[in-house]
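Trainee: Numbering (the working numbering), first residue to last: 380 to 616.
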């Protein structure tokens, strides 16, 4: 059994190394859109460190380090690793930053954020996913992440203000609550657009006048951000 585990670890190490190379290549290929031809070493180290195979359904574990999104049930996905790296890099996180995530899913993005920031607060609309993600993050030792079952459009006002906010689901416009809960100088990274239409990833910075200055980053495809709160059915991850 020990020999088998060593083989599995070796395969994962090779798959992880390939993934990091693919992310680096894709960053160069999309520089004309994002302005970022390489992501920060801190971000790449976080992507390397977080065990993505622990955040996908067991049946998908062999594909965990493929640079594609994976289904996690409830019509939700774990994002493509390149997109996770890009969105994380666009937040420009410091080690003491407080971050709000909208759309916990299985907790992978929250774990990457926790490697870089001081505290992560994550809101998930599906109760079963929120509970399973919270348990998984605790089990893996991520003590600086709090997960809440709630409406992502409302953010987490009790924990505001935030240095950075990231959304892993797409509303049709930036929710007012998220803009209010961002500190002056804070960064918001969010996809905007209708389901099944072309969506655009935006990076916004809040000015001292409380206005958001937003830049288009990249065409993307995300699940829609929904206001209803789901508390039934069994999670698939």
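For every residue, glycine included, the Cβ atom is placed at its ideal position computed from N, Cα and C.
Predicted, not measured: the structure shown is a model, and the values here were computed from it.
On the CB-based measure, 16 or more other CB atoms within 10 Å of its CB, does residue 411 come out buried or exposed?
Mentor: Here residue 411 is taken as the residue at index 32 of the chain shown, counted from 1. Counting Cβ neighbours within 10 Å, residue 411 comes out exposed, since fewer than 16 surround it.
Trainee: Give the straight-line distance between the Cα atoms of residue 416 and residue 469, rounded to the nearest whole angstrom.
Mentor: Numbered from its first residue, the chain shown carries residue 416 at position 37. Numbered from its first residue, the chain shown carries residue 469 at position 90. So the two alpha carbons sit approximately 12 Å from each other.
Trainee: Our contact map puts residue 505 next to residue 444 with C-beta atoms below 8 Å; I'd like the distance itself, whole angstroms only.
Mentor: Locating residue 505 in the chain shown gives position 126, counting from the first residue. Locating residue 444 in the chain shown gives position 65, counting from the first residue. Contact doesn't hold; Cβ gap of about 25 Å is too wide.
Trainee: Would you tell me roughly how many angstroms separate the C-alpha atoms of residue 605 and residue 555, rounded to the nearest one?
Mentor: Counting from one through the chain shown, the residue named residue 605 turns up at place 226. Counting from one through the chain shown, the residue named residue 555 turns up at place 176. Using only the alpha carbons, I get a separation of about 15 Å.
Trainee: Suppose you measure from the CA of residue 459 to the CA of residue 594; what does that come to, to the nearest Å?
Mentor: Position 80 of the chain shown, counting from 1, holds the residue named residue 459. Position 215 of the chain shown, counting from 1, holds the residue named residue 594. Their backbone Cα atoms lie some 21 Å apart in a straight line.
Trainee: Among residues of its own chain, excluding the 5 on either side of residue 574, which ones have a beta-carbon nearer than 7 Å to its beta-carbon?
Mentor: As a working note, residue 574 is residue 195 in the chain shown. These residues qualify, in order along the chain: 603.
Trainee: Check whether the Cβ of residue 399 lies closer than 8 Å to any Cβ atom in chain D.
Mentor: Structure shown: chain D not included; a single protein chain is present.
Trainee: Do you know how far the Cα of residue 487 is from the Cα of residue 531?
Mentor: Here residue 531 is taken as the residue at index 152 of the chain shown, counted from 1. Here residue 487 is taken as the residue at index 108 of the chain shown, counted from 1. Looking at the two C-alpha atoms, the distance is approximately 17 Å.
Trainee: Give the single residue among 431, 527, 428, 461 whose Cα lies nearest to the Cα of residue 408.
Mentor: Looking up residue 408 in the chain shown gives position 29. Considering only alpha carbons, the answer is 461.
Trainee: Residue 584: which of 515, 542, 577, 502 sits nearest, CA to CA?
Mentor: Stepping through the chain shown from its first residue, residue 584 is reached at position 205. When each option's Cα is compared against that of residue 584, the closest is 542.
Trainee: Between 515, 587, 529, which has its C-alpha nearest residue 433's C-alpha?
Mentor: In the chain shown, residue 433 corresponds to position 54, counting from 1. Considering only alpha carbons, the answer is 515.
Trainee: Take residue 421 and list the residues in its own chain whose beta-carbon comes closer than 7 Å to its own, dropping the five residues that flank it on each side.
Mentor: Walking along the chain shown from the start, residue 421 turns up at place 42. Closer than 7 Å at Cβ, skipping near neighbours: 495.
Trainee: Residue 508 and residue 483 look like a contact to me (Cβ under 8 Å); what is the Cβ gap, rounded to whole Å?
Mentor: For the purposes of this step, residue 508 is identified with residue 129 of the chain shown, where counting begins at 1. For the purposes of this step, residue 483 is identified with residue 104 of the chain shown, where counting begins at 1. About 7 Å; that satisfies the 8 Å criterion.
Trainee: Per the DSSP calculation, residue 581 is bridged to which residue(s)?
Mentor: Locating residue 581 in the chain shown gives position 202, counting from the first residue. DSSP lists 569, 595 as the bridge partner or partners of residue 581.
Trainee: How far does the alpha helix (DSSP H) with residue 468 in it reach, from first residue to last?
Mentor: For the purposes of this step, residue 468 is taken as residue 89 along the chain shown, with counting starting at 1. Looking at the DSSP string, the run of the alpha helix (DSSP H) that includes residue 468 is 460-470.
Trainee: Let me know the secondary structure DSSP gives residue 588 once reduced to three states.
Mentor: The sequence position of residue 588 within the chain shown is 209, counting from 1. Note: residue 588 maps to coil in three-state DSSP.
Trainee: To which residues of the same chain is residue 552 closer than 8 Å at the C-beta, ignoring the five residues directly before and after it?
Mentor: As a first step, residue 552 is located in the chain shown; it is residue number 173 there, counting from the start. Closer than 8 Å at Cβ, skipping near neighbours: 571.
Trainee: Less than 8 Å between the CB atoms is what I'm expecting for residue 479 and residue 535, so what's the real figure, rounded?
Mentor: Mapped onto the chain shown, residue 479 falls at position 100. Mapped onto the chain shown, residue 535 falls at position 156. About 6 Å separates the two Cβ atoms, so the contact holds.
Trainee: Pick helix, strand or coil for residue 399, following the three-state DSSP scheme.
Mentor: Your numbering for residue 399 matches position 20 in the chain shown. If DSSP states are grouped into helix, strand and coil, residue 399 belongs with the helices.
Trainee: When you compare each of 511, 474, 518 to residue 499 by their alpha carbons, which one comes out closest?
Mentor: Residue 499 sits at position 120 when you count from the first residue of the chain shown. Ranking the options by Cα distance to residue 499, first place goes to 474.
Trainee: Is residue 550 buried or exposed, if buried means 16 or more other CB atoms sit within 10 Å of its CB?
Mentor: If you number the chain shown from 1, residue 550 lands on position 171. Buried, since its Cβ has 16 or more Cβ neighbours within 10 Å.
Trainee: Per DSSP, what kind of secondary structure is residue 606 in: helix, strand or coil?
Mentor: Position 227 of the chain shown, counted from the first residue, corresponds to residue 606. Secondary structure of residue 606 (DSSP, three-state): coil.
Trainee: In angstroms with no decimal places, state the Cα-to-Cα distance between residue 614 and residue 455.
Mentor: For this step, residue 614 is matched to residue 235 along the chain shown. For this step, residue 455 is matched to residue 76 along the chain shown. Here the model assigns residue 614 a pLDDT of 41, short of 50, so the residue's position is not dependable, and the following value carries that caveat. Looking at the two C-alpha atoms, the distance is approximately 11 Å.
Trainee: Measure the Cβ-Cβ separation of residue 544 and residue 560 and say whether it is below 8 Å.
Mentor: The residue you call residue 544 lines up with position 165 of the chain shown. The residue you call residue 560 lines up with position 181 of the chain shown. Yes, the pair counts as a contact, with Cβ atoms nearer than the cut-off.
Trainee: With DSSP run on the structure shown, which of helix, strand or coil describes residue 536?
Mentor: For this step, residue 536 is matched to residue 157 along the chain shown. Helix at residue 536.
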